[in-house]
Amino acid sequence: MRNLFVLFLLLPAFLLAQTEEEVAAVKAPIELLFDGMRAGDSSRVRPAFLPGAHLQTAYVGRDGQPHLGDEEVENFIKAIGTPHEKIFNEQIWSYDIRIDGLLATAWTEYTFFLGDQLSHCGVNAFQLFKSTEGWKISHITDTRRREGCPAEAVDEAAAINGLLDAWHQAAATADEDTFFGSMTEDGIYLGTDASERWLRDELRTWAKAAFERDTAWAFTPHGRQLYFSQNGQTAWFEEKLDTWMGPCRGSGVLTQTPEGWKIRQYNLAVLVPNEKIQAFIELVKG
């Protein structure tokens, strides 16, 4: 019984590690597929698929109507191995992988290049099955478009740092449009007082007088740390701030939107040195 109890306590950590390993295992046949495409080697592509795998493309036809096209996986593999002048180069920009037992899905954003020429972009929706030989692709549905295609990976960390730096600068220069435009409509700002919890537009109303000045408030950030979710659609951060209140810390959450990264929550906290915490407690009590 004691051993079972210890096993139960260790189970969450074991499952977390197992999940991380499984994510890498799920990505393996997808990466094998695209490496084989770039090499023009059908013998490398074939093991990525489950026998009888199915390929589909969702698109709007010349008739303006939605269509779902079908392709046999054997025809696709044959096309990969047929000699061609230009490399089939599909670049994957992001992965969103979900796993439950023997089933996995992977949503990937991509751009397809014929040699150096950008052809189209879209998303791939993979379904994978964990067979006795490991994870295999059982189904792919993709979308294709020619507009708004990224030609290279976006440096998301640089984009977020730019957004946050511009956000703080907007407060320092009373640029109301940039400051509030950097937040989602349901974004939350948490101030240092327990009562200070505002939705974005509530904060706009509360801070109206401040943004009518030359400077609403001036915080200088430094020491920022960024973290990203596995699917790359959410990020969170922490940063130290030099402010009129003394040293503070800001932390928050950002989300990827059609307009780019937006701040979904910001939490402002005053930093109190440990050796002064007792005096701080007495001050708050008073």
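Residue 59 is where the sequence shown starts when you use the working numbering, and the numbers rise one by one after that. From the three backbone atoms N, C-alpha and C, an ideal C-beta is built for every residue, glycine too.
Asked: Which residues DSSP lists as bridging residue 328, in chain order; Found: 306
Asked: DSSP bridge partner residues for residue 161 (one or two, in chain order); Found: 158, 187
Asked: With 16 other Cβ atoms within 10 Å as the buried cut-off, status of residue 268; Found: exposed
Asked: Distance, residue 132 Cα to residue 187 Cα; Found: 18 Å
Asked: Rounded Cβ spacing between residue 326 and residue 249 (contact assumed at less than 8 Å); Found: 6 Å
Asked: Distance between residue 128 and residue 229 (C-alpha atoms, nearest Å); Found: 53 Å
Asked: Span of the beta strand (DSSP E), counted from its first residue to its last, around residue 254; Found: That residue, residue 254, is in no beta strand (DSSP E); it is neither H nor E in DSSP.
Asked: Inter-residue spacing [alpha-carbon to alpha-carbon] between residue 68 and residue 139; Found: Annotation note: pLDDT 47 at residue 68 (below 50); position unreliable, coordinate value reported separately. One C-alpha to the other measures close to 47 Å.
Asked: Outcome for residue 342 when other beta-carbon atoms lying within 10 angstroms are tallied against a minimum of 16; Found: exposed
Asked: Cross-strand partners of residue 122 (DSSP beta bridge); Found: DSSP lists no partner for residue 122.
Asked: Three-state secondary structure assigned by DSSP to residue 319; Found: strand
Asked: Coil, strand or helix - residue 243 by DSSP; Found: strand
Asked: Residue 223, enclosing alpha helix (DSSP H) - first and last residue; Found: 214-230
Asked: Contact under 8 Å by Cβ, residue 208 with residue 151; Found: yes
Asked: Assigned secondary structure, residue 70 (DSSP; H/G/I helix, E/B strand, else coil); Found: In this predicted model, residue 70 has a pLDDT of only 48, less than 50, meaning its place in the structure is not dependable enough to derive any value.
Asked: Residues that residue 339 bridges to, as DSSP identifies them; Found: Paired residue(s): none; residue 339 is not in a bridge.
Asked: Alpha-carbon spacing of residue 231 relative to residue 123, whole angstroms; Found: 49 Å
Asked: For residue 298, the three-state DSSP class (helix, strand or coil); Found: strand
Asked: Helix, strand or coil at residue 130 according to DSSP, with G and I counted as helix; Found: strand
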